[in-house]
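Residue numbers (this note's numbering): -9 to 394.
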């Protein structure tokens, strides 16, 4: 009897540790040369603390070590998995997906949590077991992905995702010549750091991974990535009627055109670094805009007719290309300052045959012929002020004074 108890106890520990700890620790490998943000923090704690506040730092979190990372609150009988099935969380801003372990491989579970609306949504319900997470996502949701072992050096988008492997830099006592500083790269190579994960494509060597395997900051992205250039105009599946692209993750293509031509680069918005001059806090989105638009931002309320708390610059000037017609998709970094997007009902039957009006995801850029001036400014206003008539909106627009 004693022997049986010992055997059962041993078996219990083997099963317990293999299920909960082995898959977690097996992730801590990845390509050679990566030291992780923990090492970076030793000399750059202030920058590290700024980064920890960003969505990049929360992209992929270990739910076994940090159960509080799970945003979902309802695990009722209609949910096909338990909270204890979750090993990792993906995302923390608009939606959150969850990883589980099946047969030694991680997969994204078939429902995700809509953070904004606090409800579950279906996700790849028919084929979720056909897409192992390491093959489809690890190259961008973690640092130092190794295609041979399918492991990575660190979870989330950490320091070395933008600065490259830090081992030589650390071994040399922090020699700045031995680490990539994006600010010292030419704008094309600097932008490629962001574009590597904000543009869909295929790895050039194997054609198996939807991210540039082996790419490091400072490299030429085109040496590692393919099938991400703008297709021919006849490729109708990529475009709306006005020939603007309709898929998300097309940053490389867009940045090579209008915005790129104005000598802008990704760090113009400094999403993961900027702090205000007077206060030790992260800038708001509108404050970022104000670093370049220095005449407009001081006159924010006169220009926008709103306080910054009511409406940010991006509410009117940055359309989104949403996934599945939902409003919580990521911004696609596609600035359209003169023509905000319109919902279908601006041109089509607003009753929609009794159905709920679709989200403003199509970016049609079609103007109402009944409005003679400032064609799309009223449309931008109407997106939030749908209860107001055209006269009210036009009166508000006419009262806006241009900054001097």
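Just so it is clear, CB atoms sit at the ideal spot from N, CA and C, and this is done for glycine as well.
Note that the structure is a prediction, hence the values are computed from the model and not measured.
Going by C-alpha distance, which of 33, 199 and 374 is nearest residue 161?
By 1-based counting over the chain shown, the position of residue 161 is 171. Nearest of 33, 199 and 374 to residue 161, Cα basis: 33.
For residue 111, the first and last residue of its enclosing beta strand (DSSP E)
Taking the first residue of the chain shown as position 1, residue 111 is located at position 121. Per DSSP, residue 111 belongs to the beta strand (DSSP E) from 109 to 112.
Alpha carbon to alpha carbon, what distance is there between residue 44 and residue 36?
For the purposes of this step, residue 36 is identified with residue 46 of the chain shown, where counting begins at 1. For the purposes of this step, residue 44 is identified with residue 54 of the chain shown, where counting begins at 1. One C-alpha to the other measures close to 14 Å.
Near residue 128, what residues of its chain come up, given a Cβ to Cβ distance below 6 Å and the 5 sequence neighbours on each side ignored?
Translated into positions along the chain shown, residue 128 becomes position 138. Cβ neighbours of residue 128 beyond the five flanking positions: 135 and 142.
Put residue 192 into one of helix, strand or coil per three-state DSSP.
Along the chain shown, read from residue 1 onward, the residue named residue 192 stands at position 202. The answer is strand: DSSP assigns residue 192 an E or B state.
Quick check on residue 231: does DSSP put it in helix, strand or coil?
As a working mapping, residue 231 is identified with position 241 in the chain shown. Its pLDDT being 46, under 50, residue 231 is placed unreliably in this model, and the value from its coordinates should be taken loosely. Three-state result, residue 231: coil.
Look at the alpha carbon of residue 157 and the alpha carbon of residue 20, and state the distance between them as a whole number of angstroms.
For the purposes of this step, residue 157 is identified with residue 167 of the chain shown, where counting begins at 1. For the purposes of this step, residue 20 is identified with residue 30 of the chain shown, where counting begins at 1. The alpha-carbon atoms of residue 157 and residue 20 are separated by roughly 13 Å.
Whole-angstrom distance between residue 159 and residue 172, CA atom to CA atom:
Translated into positions along the chain shown, residue 172 becomes position 182. Translated into positions along the chain shown, residue 159 becomes position 169. Using only the alpha carbons, I get a separation of about 15 Å.
Nonlocal neighbours in the same chain, by C-beta distance under 7 Å from residue 346, ignoring five residues either side:
By 1-based counting over the chain shown, the position of residue 346 is 356. A caution first: residue 346 carries a pLDDT of 39, below 50, which makes its placement in the model unreliable, though a value can still be read off. Here the set comprises nothing.
Check whether residue 46 and residue 183 have beta carbons under 8 Å apart:
The residue you call residue 46 lines up with position 56 of the chain shown. The residue you call residue 183 lines up with position 193 of the chain shown. Not a contact, by the Cβ cut-off of 8 Å.
For the putative contact between residue 111 and residue 102, defined by C-beta atoms under 8 Å, what is the C-beta separation to the nearest angstrom?
Here residue 111 refers to the residue found at position 121 when the chain shown is read from its first residue. Here residue 102 refers to the residue found at position 112 when the chain shown is read from its first residue. Indeed, because the Cβ distance is near 6 Å, the residues count as touching under 8 Å.
Using 10 angstroms around the beta-carbon of residue 374, count the other beta-carbons present and answer buried if the total reaches 16, otherwise exposed.
On the chain shown, residue 374 is found 384 positions in, with the first residue counted as 1. Answer is exposed; the Cβ neighbour count stays below 16.
Confirm, please, whether the CB-CB distance from residue 193 to residue 457 is below 8 Å.
Limits of the chain in this structure are -9 at one end and 394 at the other, which puts residue 457 out of reach.
Name the residue from 24, 302, 291 and 283 whose alpha carbon lies nearest to the alpha carbon of residue 153.
Stepping through the chain shown from its first residue, residue 153 is reached at position 163. Nearest of 24, 302, 291 and 283 to residue 153, Cα basis: 24.
Give me the residue from 198, 209 and 204 with the minimum Cα distance to residue 217.
As a working mapping, residue 217 is identified with position 227 in the chain shown. Minimum Cα distance to residue 217 is reached at 198.
Per-residue DSSP class, three states only, for residue 51
Counted from its first residue, the chain shown places residue 51 at position 61. Residue 51: strand per DSSP, three-state reduction.
From the DSSP output, in three-state form, read off residue 103 for me.
Reading the chain shown from its first residue, position 113 is the one you call residue 103. In this structure, residue 103 counts as strand in the three-state DSSP scheme.
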